[in-house]
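Scroll down for the structure; my scribbles are underneath it.
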Amino acid sequence: WDEEIYCLKKILEKRDIHVPASREVFTEMEICSFLQQVEIFRKLGAAELKKMAGQAAVQIYYANDAIVQNKDEQSLAIFIMEGKVIRSRDDGRGWYSMLDIRSERGMLNEYVLLEEGNYCITGEALSDRVVVLAIPAAYLRELILDDRRVSQLVFKQLFAELDKYQRRWMLS
247 WDEEIYCLKK ILEKRDIHVP ASREVFTEME ICSFLQQVEI FRKLGAAELK
297 KMAGQAAVQI YYANDAIVQN KDEQSLAIFI MEGKVIRSRD DGRGWYSMLD
347 IRSERGMLNE YVLLEEGNYC ITGEALSDRV VVLAIPAAYL RELILDDRRV
397 SQLVFKQLFA ELDKYQRRWM LS
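Under the numbering used here, the first residue of the sequence shown carries the number 247, and numbering increases by one thereafter.
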């Protein structure tokens, strides 16, 4: 019994006690720099990136924290700035099945690009520290509809995802 408590104490000492999704100050320039590295935004100009950075919020999670877990948070497009995240999907029976692991510059929940739908993609912080950028989905959908450059890159990325999952299915 004492040994189990000692092990738990060692684990807790390694991890900072925190409030999930704590906030840290990131400059607009840092956010714009990150957005430039995301494939679907690489053709946007500085003014467009600055406008998007003004809409975005940075959130920090720690190992095993849930990143997207309810319908309210489904209205945000989540991009991973730092760390790795396990993506899972609700199978409709209350169980979650792992889809993949995403890392820097990856989008966690592409389904928010659809206005309608009841898709529940969740993320779990795999790294000790995960930094994400949350952009309102409505803003992102509007940008895709208004800017042909962005919509082409979104289609390219989504078809690459479709191809990846088709290959996995064929190999299984």
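All residues carry an ideal CB built from backbone N, CA and C; glycine is no exception.
According to DSSP, residues forming a beta bridge with residue i
| i | result |
| --- | --- |
| Gly-369 | Arg-333 |
| Gln-305 | Val-378 |
| Phe-287 | Note: Phe-287 sits in no beta bridge, so no partner. |
| Leu-322 | Pro-382 |
| Ala-312 | Glu-370 |
| Glu-328 | Val-377 |
Beta-carbon spacing of residue i, residue j below 8 Å
| i | j | result |
| --- | --- | --- |
| Ile-277 | Leu-379 | yes |
| Leu-399 | Lys-289 | yes |
| Glu-350 | Ile-326 | yes |
| Val-376 | Glu-328 | yes |
| Ala-371 | Ala-323 | no |
| Leu-281 | Ala-299 | yes |
| Ser-397 | Lys-330 | no |
| Leu-360 | Leu-386 | no |
Contacts around residue i, its chain only, beta-carbon distance under 7 Å, and the 5 residues preceding and following it disregarded
| i | result |
| --- | --- |
| Ala-302 | Ile-277, Leu-379, Ala-380 and Ile-381 |
| Gln-403 | Glu-285 and Ile-286 |
| Trp-415 | none |
| Leu-389 | Val-396 |
Cβ neighbours of residue i in the same chain (closer than 8 Å, five flanking residues each side left out)
| i | result |
| --- | --- |
| Arg-335 | Tyr-342, Ser-343, Leu-345, Tyr-365, Cys-366, Ile-367 and Thr-368 |
| Glu-274 | Lys-296, Ala-299 and Gly-300 |
Neighbourhood of residue i by C-beta, 6 Å cutoff - its chain only, sequence neighbours within 5 removed
| i | result |
| --- | --- |
| Ser-418 | none |
| Ile-347 | Lys-330 and Ile-332 |
| Leu-295 | Cys-278 and Leu-281 |
| Val-337 | Note on residue identity: the sequence assigns Asp, not Val, to residue 337. Excluding sequence neighbours, Asp-337 sits near Ser-343. |
Residue i: CB within 7 Å of a non-hydrogen atom of the ligand FMN
| i | result |
| --- | --- |
| Glu-285 | Summarising the ligand content, the structure contains no ligands, and the ligand FMN is consequently not present. |
* Asked: Counting only runs that start and end within the stretch 337–365, where is the alpha helix (DSSP H) found for 4 or more residues in a row?
  -> none
* Asked: Is it true that the stretch 305–312 meets the stretch 351–364, where meeting means three or more beta-carbon pairs spaced less than 8 Å apart?
  -> no
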